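Just add 1 to the spot in the sequence shown (first one is 1) and you have my numbering.
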Amino acid sequence: MALLESRKALTREKRNGAISHYHGTLASILEDSSGKELQSRVRTLTQSSPGEIIYALQAVSGIHDAVVIIHGALGCAASGVWFNSGENRSWYTTNLNESDTILGGDEKLRAAILRAYNENHPEAIFIIGTPIIAINNDDVDSVVIELSDELGCKIIYIDVNGFKTKNALSGYDVIFHGFLKHLVEPKQNPVKPFLNLFTVSESPDNVAAIVELLQVLDIPCNIVPRFSGLNGIRRASGALCSVSLDDAENEYIMTGLEEQYGVPVVKTNPPIGTAGVYDFIKKIAAHFDRNAQAETLIKDEEQKISGRRSKKPFAGKKILLEADLHRVVSFSSLIEELGGEISGIVIPHLDIQNAGKLKDLSILPRTVPFIVAQGQQFEIANVLNRYPADFYIGRSETAAAAARFGAIPLPLDGITYYGYRGIGEVVKRALKLGTNNNYVSLLGQKLGAPYSESWLKRSGNWYVKFEVK
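Shown next as structure tokens:
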């Protein structure tokens with residue numbers, strides 16, 4: 002079924018058969034994903050995990066000419082603080098209380114929309130629903146229709162239910178469904194061919210590292226949805242092709258543009274490491290007839306970083322890697338390039354569409370622990386306890402726990418790791434951490450493991466069970 006035929010975006014579980022719970026080895030996941038579907042599993046104990054509202058807010062928080070209203074209680078609205086910290090962006094909350102959950106929050110929503118419009122005069126207002134709205138069944142559509150006509154402003158309601166999915170990536174999908182339904186305009190013929198460059202979770206520095214390379218090739222970029230504003234979303238239908246800095250995050254809108262407007266999708270891995278950047282640049286250059294220029298660019302850039310790459314900061318080191326599967330594939334190549342060895346892999350989700358990417362990891366030992374989880378630090382601690390690692394590369398939220406097991410943390414949040422600039426930055430950071438790692442051993446000695454010995458003796462998949470239907 003075409004994406005836009007449905008009123009709402011289907012969850013990742015229904016659309017792609019995604020799973021969010023798994024604990025095994027590379028050998029077991031390769032076997033379990035060899036069929037037409039992935040068998041669902043559940044966790045009988047869950048430590049923490051982001052909800053789809055977090056990802057939905059991330060997808061709209063960087064659109065500078067729009068305002069976001071979080072329709073719900075302060076708990077959900079607090080998520081807006083994270084995505085707007087340090088930036089001059091406007092977001093509002095209806096601040097629903099106990100009474101509103103029974104009687105409805107329509108009037109508070111109406112007041113929030115009027116205030117947001119009068120204070121900002123935005124081109125569009127996004128209303129992000131929350132689980133409370135799914136419970137009290139507010140008539141949001143009537144308020145939206147009424148005030149859209151009155152204000153002459155596009156008001157888009159994004160229904161983030163919060164109950165139907167365990168996969169936070171569904172939050173991106175509901176936002177992109179809204180873009181495709183309400184913002185993308187009919188295809189126009191641009192004066193000069195351009196590329197849709199999709200990004201939601203990447204830092205400005207990571208995006209800039211790739212845009213700079215494409216500028217050398219004279220390939221104009223429409224950076225969507227962040228950084229380009231609403232106009233970039235509107236004109237996305239006119240691109241020569243679309244590429245994502247991470248296909249797992251942006252495949253919904255790219256698929257929708259291809260189905261509805263014939264904008265082809267360029268399939269790549271994230272541009273991480275020499276092989277990843279080479280593949281990314283070559284595939285895009287081919288669409289714009291820039292093959293010769295791409296070869297020259299690649300040769301020049303690889304020569305510039307050859308000295309730094311030769312230092313091999315991961316030589317003889319074991320690395321536990323936590324990232325989504327697309328980034329894991331590219332990072333595993335970079336880690337091998339820099340002399341390291343993967344000792345464990347943690348990804349947030351897996352679905353039958355991207356399970357084919359697992360074959361790109363087939364050069365790794367089959368016994369490598371493989372976890373599908375997000376926010377489950379106990380399972381990561383279990384792996385580090387059984388299979389000690391020299392480095393942990395991944396989320397800053399897990400970095401401290403990894404350090405307590407002797408792994409030097411290299412959080413990805415604060416560094417550039419895309420493009421050739423990213424290769425140099427990873428090498429520089431790894432060398433610095435590797436020569437100043439006394440704090441890691443001191444931390445482990447002082448604090449000890451954050452779990453009891455009996456807890457750590459349990460098998461890693463103790464709380465991961467097959468789902469009974």
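Just so you know, even glycine gets a beta-carbon here, dropped at the ideal spot from N, CA and C. Small disclaimer: the values here were computed from a predicted structure and weren't measured.
Quiz item: So, using beta-carbon positions, are Y418 and I273 closer together than 7 angstroms?
Solution: Indexing the sequence shown from 1 puts residue 418 at position 417. Indexing the sequence shown from 1 puts residue 273 at position 272. In this structure, I273 lies closer than 7 angstroms to Y418 by Cβ.
| request: May I ask which residues mark the beginning and end of the alpha helix (DSSP H) holding T297? | output: Within the sequence shown, residue 297 is the residue found at index 296, counting from 1. N292 to R310 is the span of the alpha helix (DSSP H), which, as asked, contains T297.
Requested in this report: Please determine, among I220, G425 and N197, the residue with the shortest C-alpha to C-alpha distance to V244.
Outcome: For this step, residue 244 is matched to residue 243 along the sequence shown. Taking only the C-alpha atoms, the option nearest V244 is N197.
To which residues of the same chain is L31 closer than 7 angstroms at the C-beta, ignoring the five residues directly before and after it? Your numbering for residue 31 matches position 30 in the sequence shown. Exclusion of the five residues before and after L31 leaves L359 as the residues of its chain whose Cβ lies within less than 7 angstroms of its Cβ.
inquiry  = Rounded to whole angstroms, what is the Cα-Cα separation between G425 and I346?
reply    = The sequence position of residue 425 within the sequence shown is 424, counting from 1. The sequence position of residue 346 within the sequence shown is 345, counting from 1. Their backbone Cα atoms lie some 23 angstroms apart in a straight line.
Between which two residues does the beta strand (DSSP E) holding A125 run? Locating residue 125 in the sequence shown gives position 124, where the first residue counts as 1. That run of the beta strand (DSSP E) goes A125 to I129.
When DSSP builds the beta bridges, which residues end up paired with W92? Here residue 92 corresponds to residue number 91 of the sequence shown, with the count starting at 1. DSSP output for W92 lists V69 as bridge partner(s).
Margin query: By the three-class DSSP mapping on this structure, what secondary structure does N121 have?
Written below: Your numbering for residue 121 matches position 120 in the sequence shown. Residue state, collapsed to three classes: helix.
### Message
Between the alpha carbons of I20 and L152, how many angstroms are there, rounded?
### Response
On the sequence shown, residue 20 is found 19 positions in, with the first residue counted as 1. On the sequence shown, residue 152 is found 151 positions in, with the first residue counted as 1. The straight-line gap from Cα to Cα measures roughly 42 angstroms.
Measuring alpha carbon to alpha carbon, tell me which residue in I234, P187 and G435 is nearest E124.
In the sequence shown, the residue the question calls residue 124 occupies position 123. Ranking I234, P187 and G435 by Cα distance to E124 puts I234 first.
| field | Integer Cβ distance of A135 from E53, believed to fall under 8 angstroms | value | Taking the sequence shown and counting its residues from 1, the one referred to as residue 135 is at position 134. Taking the sequence shown and counting its residues from 1, the one referred to as residue 53 is at position 52. Not quite, the Cβ-Cβ distance comes to about 12 angstroms (not below 8 angstroms), so this is no contact.
Problem set entry | Of the listed residues T95, E108 and G105, nearest to F127 (C-alpha basis) | Counted from its first residue, the sequence shown places residue 127 at position 126. Here the closest residue by C-alpha is T95.
- request: Would you kindly work out how many angstroms separate the C-alpha atoms of N89 and V201, rounded to a whole number?
  value: As a working note, residue 89 is residue 88 in the sequence shown. As a working note, residue 201 is residue 200 in the sequence shown. Any reading at N89 must be qualified, since the residue scores a pLDDT of 48, below 50, and its modelled position is unreliable; the value itself is stated next. Answer to the nearest angstrom: the Cα atoms are 18 angstroms apart.
- Query: When burial is assigned at 16 or more other CB atoms within 10 Å of the CB, is V68 buried or exposed?
  - Reply: Taking the first residue of the sequence shown as 1, we reach residue 68 at position 67. Buried: at least 16 other Cβ atoms inside 10 Å.
- Which one or two residues does DSSP pair with E6 in a beta bridge? Here residue 6 is taken as the residue at index 5 of the sequence shown, counted from 1. DSSP lists no partner for E6.
- Task: Rounded to whole angstroms, what's the CA-CA distance from S100 to G106? Just pull it up for me.
- Result: In the sequence shown, counting from the first residue as 1, residue 100 sits at position 99. In the sequence shown, counting from the first residue as 1, residue 106 sits at position 105. For S100 and G106, the distance between alpha carbons rounds to 9 angstroms.
Original post:
Is R328 helix, strand or coil by DSSP?
Top reply: In the sequence shown, the residue the question calls residue 328 occupies position 327. Of the three classes helix, strand and coil, the one that applies to R328 here is helix, per DSSP.
Go ahead and pull the three-state DSSP assignment for G435.
Stepping through the sequence shown from its first residue, residue 435 is reached at position 434. G435: helix per DSSP, three-state reduction.
What is the C-beta distance between T26 and P370, in whole angstroms, given that I count them as a contact (C-beta under 8 angstroms)? Here residue 26 is taken as the residue at index 25 of the sequence shown, counted from 1. Here residue 370 is taken as the residue at index 369 of the sequence shown, counted from 1. Right, the Cβ-Cβ distance comes to about 6 angstroms (below 8 angstroms), so this counts as a contact.
Drop a sphere of 10 angstroms on the beta-carbon of D139, count the other beta-carbons inside from all chains shown, and report buried for 16 or more, exposed for fewer. Here residue 139 corresponds to residue number 138 of the sequence shown, with the count starting at 1. When all chains shown are included, D139 counts as buried.
* Kindly indicate which three-state DSSP category N462 falls into: helix, strand or coil? => The residue given as residue 462 occupies position 461 in the sequence shown. Three-state result, N462: coil.
Q: Work out the CA separation of A400 and L298 for me, nearest whole Å.
A: Taking the sequence shown and counting its residues from 1, one reaches residue 298 at position 297. Taking the sequence shown and counting its residues from 1, one reaches residue 400 at position 399. Each residue's Cα considered, the two are about 35 angstroms apart.
| To which residues of the same chain is V208 closer than 6 angstroms at the C-beta, ignoring the five residues directly before and after it? | Residue numbering aside, residue 208 sits at position 207 when the sequence shown is read from its first letter. Correct list, in chain order: T200.
Going along the chain, which residues of its own chain have a beta-carbon closer than 8 angstroms to the beta-carbon of A316, five neighbours each way excluded? Translated into positions along the sequence shown, residue 316 becomes position 315. The residues L339, G340 and G341, in chain order, have a CB closer than 8 angstroms to that of A316 in the same chain once the five nearest residues on each side in sequence are set aside.
Would you list the one or two residues that DSSP bridges to S243? Here residue 243 is taken as the residue at index 242 of the sequence shown, counted from 1. Answer is N197 and V266, bridged to S243.
Practice item. Assuming L351 contacts V373 (C-beta within less than 8 angstroms), just tell me the rounded distance between them. Key: On the sequence shown, position 350 is the one that residue 351 refers to. On the sequence shown, position 372 is the one that residue 373 refers to. Contact holds; Cβ gap of about 5 angstroms.
Spatial neighbours of R309 within its chain, please: CB distance less than 6 angstroms, with the 5 preceding and 5 following residues excluded, ordered by chain position.
Start at 1 with the first residue of the sequence shown, and residue 309 comes out as number 308. For R309, where only same-chain residues beyond five positions count, the Cβ hits under 6 angstroms are G425 and V428.
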